[in-house]
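Report on the following structure.
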(Lines of atoms letter the chains of each structure in order from A and count residues from 1; the text may use other names and numbers.)
(Lines give C-alpha, C1' and ligand atoms only; values in the text may rest on other atoms or scores of the structure.)
Protein backbone atom coordinates (compact mmCIF):
# COMPACT_ATOMS: atom_id res chain seq x y z
CA UNK A 1 0.00 0.00 0.00
CA UNK A 2 1.37 3.45 -0.94
CA UNK A 3 1.62 5.98 1.89
CA UNK A 4 -0.34 9.09 0.69
CA UNK A 5 1.50 11.42 3.09
CA UNK A 6 3.68 14.06 1.40
CA UNK A 7 7.45 13.67 1.58
CA UNK A 8 8.73 16.56 3.69
CA UNK A 9 11.71 18.44 2.30
CA UNK A 10 13.91 21.25 3.66
CA UNK A 11 12.95 22.54 7.10
CA UNK A 12 11.79 26.14 7.21
CA UNK A 13 11.39 28.22 10.36
CA UNK A 14 8.53 30.71 10.68
CA UNK A 15 9.88 33.39 13.03
CA UNK A 16 7.61 35.68 15.09
CA UNK A 17 4.31 33.80 15.19
CA UNK A 18 2.23 35.64 17.80
CA UNK A 19 -0.49 36.25 15.21
CA UNK A 20 -3.17 34.07 13.57
CA UNK A 21 -1.63 35.04 10.22
CA UNK A 22 1.18 32.59 10.96
CA UNK A 23 -1.18 29.80 9.95
CA UNK A 24 -1.21 31.12 6.37
CA UNK A 25 2.55 30.65 6.12
CA UNK A 26 2.35 27.22 7.73
CA UNK A 27 -0.33 26.14 5.25
CA UNK A 28 1.68 27.44 2.29
CA UNK A 29 4.75 25.57 3.54
CA UNK A 30 2.73 22.37 3.92
CA UNK A 31 1.39 22.72 0.37
CA UNK A 32 5.02 22.87 -0.75
CA UNK A 33 5.83 19.77 1.34
CA UNK A 34 8.23 21.75 3.52
CA UNK A 35 9.02 20.62 7.05
CA UNK A 36 8.04 23.76 8.96
CA UNK A 37 8.59 24.80 12.58
CA UNK A 38 7.45 27.98 14.33
CA UNK A 39 9.65 30.20 16.52
CA UNK A 40 7.62 32.04 19.17
CA UNK A 41 10.14 34.77 19.98
CA UNK A 42 7.95 36.84 22.33
CA UNK A 43 5.30 34.38 23.56
CA UNK A 44 1.57 34.31 23.00
CA UNK A 45 1.48 32.12 19.90
CA UNK A 46 -1.31 29.66 19.17
CA UNK A 47 -0.26 26.42 20.86
CA UNK A 48 -1.67 24.43 17.93
CA UNK A 49 1.13 25.72 15.71
CA UNK A 50 4.11 23.41 15.14
CA UNK A 51 6.14 25.25 17.75
CA UNK A 52 9.81 24.50 18.29
CA UNK A 53 10.57 23.04 21.72
CA UNK A 54 13.67 24.24 23.52
CA UNK A 55 16.54 26.05 21.87
CA UNK A 56 17.33 25.23 18.26
CA UNK A 57 20.08 26.39 15.95
CA UNK A 58 19.01 29.23 13.61
CA UNK A 59 18.00 28.01 10.16
CA UNK A 60 16.32 29.30 6.97
CA UNK A 61 13.32 31.39 7.96
CA UNK A 62 10.42 33.62 6.97
CA UNK A 63 8.44 36.12 9.10
CA UNK A 64 5.02 35.05 10.39
CA UNK A 65 3.32 38.46 10.74
CA UNK A 66 1.16 40.41 8.30
CA UNK A 67 1.69 44.06 9.28
CA UNK A 68 4.49 46.08 7.70
CA UNK A 69 5.91 47.36 10.99
CA UNK A 70 5.56 43.92 12.56
CA UNK A 71 7.48 42.27 9.73
CA UNK A 72 10.22 44.90 9.82
CA UNK A 73 10.71 44.65 13.59
CA UNK A 74 10.64 40.84 13.43
CA UNK A 75 13.29 40.86 10.68
CA UNK A 76 15.58 42.87 12.97
CA UNK A 77 14.77 40.59 15.92
CA UNK A 78 15.55 37.52 13.81
CA UNK A 79 18.86 39.02 12.75
CA UNK A 80 19.81 39.74 16.37
CA UNK A 81 18.89 36.15 17.26
CA UNK A 82 21.31 34.81 14.64
CA UNK A 83 18.84 34.04 11.85
CA UNK A 84 20.83 34.99 8.76
CA UNK A 85 19.14 33.00 5.98
CA UNK A 86 15.83 34.64 5.02
CA UNK A 87 14.00 32.65 2.37
CA UNK A 88 11.22 33.46 -0.07
CA UNK A 89 7.95 31.56 0.40
CA UNK A 90 5.44 31.46 -2.47
CA UNK A 91 2.16 29.60 -2.18
CA UNK A 92 1.84 27.14 -5.09
CA UNK A 93 -1.48 28.70 -6.13
CA UNK A 94 0.15 32.08 -6.81
CA UNK A 95 0.91 33.09 -10.42
CA UNK A 96 4.31 34.77 -10.71
CA UNK A 97 5.65 36.23 -13.96
CA UNK A 98 8.94 34.70 -15.05
CA UNK A 99 10.50 38.16 -15.17
CA UNK A 100 9.41 39.18 -11.65
CA UNK A 101 11.95 39.47 -8.81
CA UNK A 102 11.07 38.22 -5.33
CA UNK A 103 13.68 39.14 -2.76
CA UNK A 104 14.61 37.19 0.35
CA UNK A 105 12.08 36.97 3.13
CA UNK A 106 9.14 37.78 0.84
CA UNK A 107 5.92 35.82 1.42
CA UNK A 108 3.37 35.54 -1.41
CA UNK A 109 0.06 34.11 -0.20
CA UNK A 110 -2.54 32.00 -2.03
CA UNK A 111 -4.16 33.28 -5.23
CA UNK A 112 -1.79 36.22 -5.76
CA UNK A 113 -0.89 37.36 -9.28
CA UNK A 114 2.45 39.13 -9.84
CA UNK A 115 3.02 40.82 -13.22
CA UNK A 116 6.05 41.10 -15.46
CA UNK A 117 9.17 42.82 -14.14
CA UNK A 118 7.61 43.47 -10.73
CA UNK A 119 10.18 43.71 -7.91
CA UNK A 120 8.97 42.57 -4.46
CA UNK A 121 11.30 43.66 -1.67
CA UNK A 122 12.93 41.91 1.28
CA UNK A 123 10.69 40.60 4.09
CA UNK A 124 7.52 41.85 2.39
CA UNK A 125 4.10 40.27 2.34
CA UNK A 126 1.47 40.02 -0.40
CA UNK A 127 -1.76 38.66 1.04
CA UNK A 128 -4.47 36.47 -0.48
CA UNK A 129 -5.70 37.20 -4.02
CA UNK A 130 -3.87 40.52 -4.37
CA UNK A 131 -2.70 41.64 -7.81
CA UNK A 132 0.70 43.25 -8.32
CA UNK A 133 0.94 44.91 -11.73
CA UNK A 134 3.84 44.97 -14.17
CA UNK A 135 6.94 46.99 -13.22
CA UNK A 136 5.61 47.60 -9.71
CA UNK A 137 8.23 47.93 -6.95
CA UNK A 138 7.68 47.10 -3.28
CA UNK A 139 10.29 48.20 -0.74
CA UNK A 140 11.52 46.55 2.45
CA UNK A 141 8.78 45.00 4.64
CA UNK A 142 5.89 46.35 2.57
CA UNK A 143 2.60 44.60 3.34
CA UNK A 144 -0.19 44.33 0.76
CA UNK A 145 -3.63 43.30 2.04
CA UNK A 146 -6.04 40.70 0.62
CA UNK A 147 -7.58 41.56 -2.73
CA UNK A 148 -5.58 44.76 -3.23
CA UNK A 149 -4.86 45.80 -6.83
CA UNK A 150 -1.63 47.64 -7.55
CA UNK A 151 -1.72 48.70 -11.19
CA UNK A 152 1.34 48.96 -13.42
CA UNK A 153 4.48 50.82 -12.37
CA UNK A 154 3.38 51.54 -8.80
CA UNK A 155 6.19 52.35 -6.33
CA UNK A 156 5.74 51.52 -2.63
CA UNK A 157 8.33 52.66 -0.06
CA UNK A 158 9.75 50.71 2.87
CA UNK A 159 7.39 49.66 5.68
CA UNK A 160 4.29 50.98 3.90
CA UNK A 161 1.01 49.15 4.51
CA UNK A 162 -1.62 48.69 1.79
CA UNK A 163 -4.98 47.61 3.22
CA UNK A 164 -7.50 45.04 2.03
CA UNK A 165 -9.29 45.78 -1.23
CA UNK A 166 -7.24 48.87 -2.05
CA UNK A 167 -6.90 50.00 -5.68
CA UNK A 168 -3.81 52.01 -6.66
CA UNK A 169 -3.82 53.57 -10.13
CA UNK A 170 -0.84 53.23 -12.49
CA UNK A 171 2.43 55.09 -11.87
CA UNK A 172 1.46 56.16 -8.34
CA UNK A 173 4.12 56.39 -5.60
CA UNK A 174 3.38 55.43 -2.00
CA UNK A 175 5.97 56.83 0.43
CA UNK A 176 7.80 54.93 3.14
CA UNK A 177 5.76 54.16 6.27
CA UNK A 178 2.57 55.34 4.59
CA UNK A 179 -0.72 53.55 5.29
CA UNK A 180 -3.50 53.12 2.74
CA UNK A 181 -6.76 52.21 4.48
CA UNK A 182 -8.93 49.28 3.41
CA UNK A 183 -10.96 49.88 0.26
CA UNK A 184 -9.25 53.14 -0.65
CA UNK A 185 -8.81 54.17 -4.30
CA UNK A 186 -5.49 55.97 -4.69
CA UNK A 187 -5.41 58.46 -7.57
CA UNK A 188 -2.41 60.57 -6.52
CA UNK A 189 0.97 60.07 -4.88
CA UNK A 190 0.98 59.44 -1.13
CA UNK A 191 3.79 61.14 0.81
CA UNK A 192 5.95 59.32 3.37
CA UNK A 193 4.10 58.76 6.63
CA UNK A 194 0.67 59.76 5.32
CA UNK A 195 -2.39 57.74 6.30
CA UNK A 196 -4.97 57.92 3.52
CA UNK A 197 -8.53 56.58 3.29
CA UNK A 198 -11.57 56.76 1.01
CA UNK A 199 -12.43 57.05 -2.68
CA UNK A 200 -10.58 59.01 -3.86
CA UNK A 201 -8.05 58.58 -1.07
CA UNK A 202 -7.48 61.65 1.11
CA UNK A 203 -5.13 62.29 4.01
CA UNK A 204 -6.48 61.32 7.44
CA UNK A 205 -3.30 62.04 9.41
CA UNK A 206 0.50 61.83 9.23
CA UNK A 207 2.71 59.39 11.12
CA UNK A 208 6.05 59.94 12.82
CA UNK A 209 8.99 59.25 10.50
CA UNK A 210 11.75 59.56 13.11
CA UNK A 211 12.20 55.81 13.58
CA UNK A 212 15.38 54.79 11.75
CA UNK A 213 15.21 51.17 10.58
CA UNK A 214 13.86 51.31 7.03
CA UNK A 215 16.28 48.92 5.34
CA UNK A 216 16.68 45.15 5.36
CA UNK A 217 18.95 43.97 8.22
CA UNK A 218 20.19 41.11 6.06
CA UNK A 219 21.31 43.08 3.00
CA UNK A 220 20.61 46.80 3.75
CA UNK A 221 18.29 47.16 0.74
CA UNK A 222 15.29 49.51 0.97
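Residue numbers (the numbering used here): 24 to 245. Beta carbons are placed, not taken as given, at the ideal position from N, Cα and C, and that holds for glycine. Since this is a predicted model, take the numbers as computed values, not measurements.
DSSP state of residue 222, grouped into three classes?
-> In this structure, residue 222 counts as coil in the three-state DSSP scheme.
Any chance the stretch 189-199 sits against the stretch 172-181, with 3 or more Cβ pairs inside 8 Å?
-> The stretch 189-199 makes contact with the stretch 172-181; the number of CB pairs closer than 8 Å reaches 3 or more.
Under 7 Å Cβ to Cβ from residue 63, same chain only, skipping five residues before and after it: list those, please.
-> Excluding residues within five positions, the ones whose Cβ falls inside 7 Å are 40, 41 and 74.
Out of 200, 221, 209 and 135, which has the shortest C-alpha to C-alpha gap to residue 149?
-> Taking only the C-alpha atoms, the option nearest residue 149 is 135.
Since residue 184 sits in a beta bridge, which residues does DSSP pair it with?
-> For residue 184, the beta-bridge partners assigned by DSSP are 166 and 202.
Which residues share a DSSP beta bridge with residue 106?
-> In the DSSP output, where bridge partners are listed per residue, residue 106 has none listed.
Do you know offhand how far residue 56's Cα is from residue 200's?
-> If you take the alpha carbons of residue 56 and residue 200, they lie about 35 Å apart.
Simplified DSSP assignment, three categories, for residue 96 = If DSSP states are grouped into helix, strand and coil, residue 96 belongs with the helices.
Residue 147 versus residue 77: straight-line alpha-carbon distance, rounded = If you take the alpha carbons of residue 147 and residue 77, they lie about 28 Å apart.
Residue 116 - DSSP class collapsed to helix/strand/coil = The answer is coil: DSSP assigns residue 116 none of H, G, I, E or B.
Using alpha carbons as the reference points, say which of 90, 171, 83 and 33 lies closest to residue 102.
-> Of the listed residues, the one whose Cα sits closest to residue 102 is 83.
Three-state secondary structure (DSSP) at residue 178?
-> Strand.
Residue 205: which of 212, 230, 211 and 189 sits nearest, CA to CA?
-> Ranked by Cα distance from residue 205, the first of 212, 230, 211 and 189 is 189.
So residue 217 packs on residue 226, CB below 8 Å; how close in whole Å?
-> That pair is a contact at about 5 Å.
What are the residues that DSSP puts in a beta bridge with residue 142?
-> Paired residue(s): 124 and 160.
Own chain residues within Cβ distance below 6 Å of residue 65, not counting five before or after = Excluding residues within five positions, the ones whose Cβ falls inside 6 Å are 41.
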